[in-house]
Every structure is written in structure tokens, then in C-alpha cells.
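Worksheet: one structure, shown below.
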Amino acid sequence: MKKKIGIINIGYGNIASVFNAIKFLGYDACLEKNPKNIFKYSHIILPGVGSFAQNSKLINKYGWNESLKEYAKSGLYLFGICVGMQLMFEDGSEGGEVNKGIGFFKGHCDKFITNNDLNLPHVGFNNVKHKNTKIWNDIPNDSPFYFVHSYRICSTSKVNIISETTYGEKFISFIENQNIFASQFHPEKSHNSGLKILKNFLSLN
Amino acid sequence: MLNKRIIFALLYCDGFFYLSRNFRLQKVGDIDWLINNFGFGDTCHFIDELVCILVKKKPTQEDKKKFLENIEKLRKKIFIPITIGGGISSIDDVENYFLNGADKILINSKIYDSELMFKTAELWGEQSISIMIDYQAINNNEDYNIFTESGTKSLMTLSNFKDNILPKIPYGELILNSIDKDGNGTGLDLEIMKNFNNKIKSPILLMGGAGKPEHILEGLKIKNVSGVLTANLFNFLGSGLEIARKKSIDNGISLANFEKSIRL
Chain A
1 MKKKIGIINI GYGNIASVFN AIKFLGYDAC LEKNPKNIFK YSHIILPGVG SFAQNSKLIN
61 KYGWNESLKE YAKSGLYLFG ICVGMQLMFE DGSEGGEVNK GIGFFKGHCD KFITNNDLNL
121 PHVGFNNVKH KNTKIWNDIP NDSPFYFVHS YRICSTSKVN IISETTYGEK FISFIENQNI
181 FASQFHPEKS HNSGLKILKN FLSLN
Chain B
1001 MLNKRIIFAL LYCDGFFYLS RNFRLQKVGD IDWLINNFGF GDTCHFIDEL VCILVKKKPT
1061 QEDKKKFLEN IEKLRKKIFI PITIGGGISS IDDVENYFLN GADKILINSK IYDSELMFKT
1121 AELWGEQSIS IMIDYQAINN NEDYNIFTES GTKSLMTLSN FKDNILPKIP YGELILNSID
1181 KDGNGTGLDL EIMKNFNNKI KSPILLMGGA GKPEHILEGL KIKNVSGVLT ANLFNFLGSG
1241 LEIARKKSID NGISLANFEK SIRL
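These protein sequences, in sequence, are chains A and B. Residue numbering for the first sequence follows the numbering used here, starting at 1 and increasing by one per position. Residue numbering for the second sequence follows the numbering used here, starting at 1001 and increasing by one per position.
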């Protein structure tokens, strides 16, 4: 039987691309609006285009915060993309005020520190130097992935960091802890390298 | 390090894709032609992003729906960033474009609508807004007029826009599209960059006039240019974009090297 993959739909963000990518890879994808249905899926993707503030408010309002914590505890597989990754940390300052994240990882989401040579947002393909964990199987080191963001994760903890990328400074571009994975870049927008990461994730049993 | 970008723009109206020359449109082919004859899927291995623009003047909701349906056919097999624009008249249109595959939306006529701009930034973030400025030189290139409404309406000059509008609106990147150079294939307007110093903190991209690979390289060589767009379906038919990409990399431009050999 085909695995069923849930894509969290909180109304903001380009979830259609993630949906198409999963279908393209041969899996059943379902856009899920109800946190109570989360255990129907062996793999959940938390996508994100949008602001940290808006997404943070919505995951709290609809009860995703608690259900995702339960889901993570169960050992089932979870993948956050872009703002979806940022939400997995303690808090974020986008939108002028500090809003709480889910808190799977230690760290904060703040704006890049700008100087004369640095344009914001950080947009385009940047290279990712990664450790060789299972999810990076068959992906060459330093492959380009698509980023579009002005806020990034600052963390003093090096625990669980799989890759860092440089844009004026080093920031966390991929993190994982057992069954939880997250990328600041968009794998669904990063040609074959990105699709391969998604495929490696969906293949986890 | 962050790479520069080569971007392809598709111009759409009433079921067909178009070439544009000085903002006059010439019909080329429909979506099936684009996929089957143009080989669009292969082309996408050599571009960093795709921009899709509805170029119809005053499009109805039905026009926008058909436009999005056409993009949907492309999106199913293409996994690169897509910017969608043209015909945006309300925040509902913005939402609809995002729900139908836009990673960024392209704003031209609504740049003066600060309510729409700020609402979009609040909900989707500043990084999701690409501003496209259609401009034409005046007074022997001393200044430029900024146009909206498919190049038909001009409310201000570039210097006025830069001083009074740009610092006050949220956006993620700026696409400078030369009406004089549009579709003529004689090279990008590189001079325009003299008007943009380091005070502009967002990426700037050039469009209009790229007719051969060298033109793309010329644009990318400029330090403050983050990317180059072309909408020239004919000049970059077949291997044109692959050559442009290789030529740029060979000349020291930092561009992403997409690994095609990865097996899925």
C-alpha cells in the first residue's frame, strides 16, 4: 500500500508545490487542515511561505502546536520547510514582536544582520555543505538549494546541526533529531537535489 | 556563497504564450506547444527561476482562472521557484496566486497601492513580493518614466519613485524592465544600474533586450545585478539557455550547478 503523506495546510504558503513534488515522487499526498487527523500519516510536512508571526499565531489558534508535539513523540516522521523549520525553534521576531515557536530545537529566528554588501532577502540558490546522514544519501556535498528568506536561525547550540550555509554569516540550513527534520531551503524548488531529499525522507520507515 | 540567477519569463494571454517587442505582443504557441515543441521541461534544468505573467489588459476573474490552469500544467513536472503576476487587483488575487503555485508574486500596476503591498507583506512576508518596474528613458537618458498598466500609464519618474515610493513600501526584489529594449535582442540596458547604488538593499534584476548568451553574461557581470530575465522564446529556443549558463560560468559568474545525474 502506498504511504500517505500529510501536508499541513494552515492557509498561508505555497503548499501546492510540496503537494506536486510528493505526487511526482509517487506517493499519496493529502492537504490536512485538522490537527486531530495527524496520526493518519506516517510522514508529515510542515511547509511555509509567509511570516513567522502569521504562521506562529495560526499553529497556536488551530491546535497544531500541541498535536505536532504529540506526533513527534510518537516517532513518526516530520519535516519542516523554511518558515516550517523556523517554527520548530523557540521563538521568532519577524513582524516586530516576538512570537513563540513549537520548541523542538533550541534557538531563535531573527533577521540577518545587514551590512553594505548584503542584500535582503537572501534569495536564490546557495550551496549547502552537509554531513552525510541518511536523508542526504546520494546528494553531493556543496549542492545548490533554493533559499528565500530575510530571517534565519541563531543558535548557540551546535547539537543536531547537519548543515550550515554562508550569507554574510553562517546560519543553520538543515537540522535533524531522530524523526524530526527541517530545512531553511525549499527542497521542492531545488531541482533534482531537492526532490532527492524529499524522496529520502519519504523512504524512512 | 549565494549564486546569481538566470530567469525565464513566460508572457501569457488568452490561452497562448507571447513574444513582446516594445510592449507589442506577438502570439507564439499554446501550453502544449510550449511543453512538446519548445521542450520547456528540459529548459528548466538551466534556469534558476520561472516568472509567469498574465499580460492581458484588464483581465476578468475567468481570465485569471484560465491563466492559473495553464501554469498548473507546467508546475506538475517543474520543481523550481515560480513567480506569478499580472492582473493582480486585490488581496484575494494575491492569495489565489499563492494558493496556485506562486512562491513570489509580481507587482507592477499595484505598486502605488500601499494597503495591498503591506497586507501582502504581513501575510506572506516581504520576500514574497517582486516589484517589476517598466521604464522608458526621457530627456536623453537623464531620467526615466515609470509605467504601469502594461506600459500605458505613467505617474512618475524613476528618480521620484526611488526617493518617495521605494523606501516606503515592502518588497523583496526589484526587476527593472526596459520598454525601449523589450524584445529587440540588442542587449540589456546596463546603463540603468548607474541609478542604483548600494542604498537599495534588495536584489536587483535586469530584463529587456537579452537576445544571445553574451547579453546575459554582460548583465550578470555587473556587481549589483543579482539576476537577468529573458522572455525571448525564440532566441533562447533549444540549447540557448544552457549555452548562456555555461558561458557565464566559464567567465567567472557564480551560478548554481544543477546536478542532473541524481536518480530519483
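No residue lacks a Cβ here, since even glycine has one placed at the ideal position from N, Cα and C. Quick caveat: nothing in here was measured; it's all calculated off a predicted structure.
Closer than 6 Å by C-beta to residue i: which residues in its own chain qualify, once you throw out the five before and the five after it? Chain order, please.
{"i": "A:Leu-46", "result": "Ile-8, Gly-80 and Gly-84"}
{"i": "B:Gly-1187", "result": "Gly-1209 and His-1215"}
{"i": "A:Ser-190", "result": "Phe-145 and Tyr-146"}
{"i": "A:Ile-180", "result": "Ala-72, Leu-78 and Phe-104"}
{"i": "A:Ser-157", "result": "Lys-106"}
{"i": "B:Phe-1067", "result": "Tyr-1012 and Leu-1054"}
Apart from the five residues on each side of it in sequence, which residues of its chain come closer than 8 Å, Cβ to Cβ, to residue i?
{"i": "B:Glu-953", "result": "In the structure as shown, chain B starts at 1001 and stops at 1264, and residue 953 of chain B therefore has no counterpart that could be examined."}
{"i": "A:Tyr-151", "result": "Phe-52, Gln-86, Gly-92, Ser-93, Glu-94, Cys-109, Asp-110, Lys-111 and Phe-112"}
{"i": "A:His-122", "result": "Phe-112, Phe-147, Val-148, His-149, Ser-150, Arg-152 and Tyr-167"}
{"i": "B:Tyr-1112", "result": "Thr-1148, Leu-1155 and Ile-1165"}
{"i": "A:Glu-164", "result": "Lys-129, Lys-170, Phe-171, Ile-172 and Ser-173"}
{"i": "A:Phe-57", "result": "The sequence given here has Lys at residue 57 of chain A, not Phe. Excluding sequence neighbours, A:Lys-57 sits near Asn-99."}
{"i": "B:Ile-1080", "result": "Cys-1044, Ile-1047, Asp-1048, Glu-1049 and Leu-1050"}
Give the DSSP bridge partners of residue i, in chain order.
{"i": "B:Val-1225", "result": "B:Ile-1204"}
{"i": "B:Leu-1025", "result": "B:Ser-1020"}
{"i": "B:Gln-1136", "result": "B:Asn-1145"}
{"i": "A:Lys-129", "result": "A:Glu-164"}
{"i": "A:Leu-78", "result": "A:Ile-44 and A:Ile-180"}
{"i": "A:Gly-6", "result": "A:Cys-30 and A:Ile-44"}
{"i": "B:Glu-1072", "result": "None; B:Glu-1072 has no bridge partner."}
{"i": "B:Val-1051", "result": "B:Ala-1009 and B:Thr-1083"}
{"i": "B:Glu-1173", "result": "B:Ser-1130"}
Quick one: measure Cβ to Cβ for residue i and residue j, integer angstroms, because I've assumed they're closer than 8 Å.
{"i": "A:Ile-139", "j": "B:Ile-1262", "result": "7 Å"}
{"i": "A:His-149", "j": "A:Gln-184", "result": "7 Å"}
{"i": "A:Asn-20", "j": "B:Arg-1021", "result": "Not confirmed; about 33 Å, so no contact."}
{"i": "B:Thr-1120", "j": "B:Ile-1091", "result": "7 Å"}
{"i": "B:Leu-1264", "j": "A:Asn-192", "result": "6 Å"}
{"i": "B:Ser-1089", "j": "B:Ile-1105", "result": "In fact, because the Cβ distance is near 12 Å, the residues do not count as touching under 8 Å."}
{"i": "A:Gly-6", "j": "A:Tyr-41", "result": "4 Å"}
Between which residues of its own chain and residue i is the CB-CB distance below 7 Å, once the five residues before and five after are set aside?
{"i": "B:Asp-1014", "result": "Lys-1056"}
{"i": "B:Gln-1136", "result": "Tyr-1144, Asn-1145, Phe-1147, Ile-1179 and Asp-1180"}
{"i": "B:Leu-1034", "result": "Phe-1017 and Phe-1040"}
{"i": "A:Thr-133", "result": "Ile-162 and Glu-176"}
{"i": "B:Ser-1109", "result": "Thr-1148 and Glu-1149"}
{"i": "B:Leu-1158", "result": "Tyr-1135, Asp-1143, Tyr-1144, Ile-1146 and Asn-1195"}
Which bits of chain D does residue i rub up against, with CB to CB less than 7 Å?
{"i": "B:Leu-1002", "result": "In the structure shown, chain D cannot be found, because the protein chains are A and B."}
Taking any Cβ of chain B, which residues in the segment 179-202 of chain A have a Cβ under 8 Å from it, in chain order?
His-186, Glu-188, Lys-189, Ser-190, His-191, Asn-192, Ser-193, Gly-194, Leu-195, Lys-196 and Lys-199
Any contact of the segment 1045-1053 of chain B with the segment 1225-1244 of chain B, i.e. 3+ C-beta pairs under 8 Å?
yes
Which residues, taken in chain order from the segment 1019-1041 of chain B, show a beta carbon closer than 8 Å to some beta carbon of chain A?
none
Chain-ordered residues of the segment 103-131 of chain A with a beta carbon less than 9 Å from chain B:
Thr-114, Asn-116, Asp-117, Leu-118, Asn-119, Leu-120, Pro-121, His-122, Val-123, Gly-124, Phe-125, Asn-126 and Asn-127
Cβ contact check for the segment 1211-1218 of chain B and the segment 1227-1235 of chain B: 3 or more pairs under 8 Å
yes
Can at least three beta-carbon pairs, one atom from the segment 1224-1231 of chain B and one from the segment 1249-1257 of chain B, be found at a separation below 8 Å?
no
Taking a Cβ distance cut-off of 9 Å, strictly less, list which residues of the segment 1184-1206 of chain B are near chain A, in chain order.
Asn-1198, Ile-1200, Lys-1201, Ser-1202, Pro-1203 and Ile-1204
Residues, ordered as in the chain, of the segment 50-64 of chain A that lie near chain B by beta-carbon distance below 7 Å:
Gly-50, Ser-51 and Gln-54
Taking one C-beta from the segment 191-198 of chain A and one from the segment 140-149 of chain A each time, how about it: are there three or more such pairs within less than 8 Å?
yes
Could you list the residues in the segment 143-176 of chain A with a C-beta less than 7 Å from some C-beta on chain B, going in chain order?
Ser-143, Pro-144, Tyr-146, Val-148, His-149, Ser-150, Thr-166 and Tyr-167
Pairing CB atoms from the segment 1058-1071 of chain B with CB atoms from the segment 1091-1110 of chain B, are three or more of them under 8 Å?
yes
Interface residues of the segment 1099-1116 of chain B facing chain A [CB-CB below 9 Å]:
Leu-1099, Asn-1100, Gly-1101, Ala-1102, Asp-1103 and Lys-1104
Interface residues of the segment 1153-1164 of chain B facing chain A [CB-CB below 9 Å]:
none
Against chain A, which members of the segment 1231-1250 of chain B pass a CB distance test of less than 9 Å?
none
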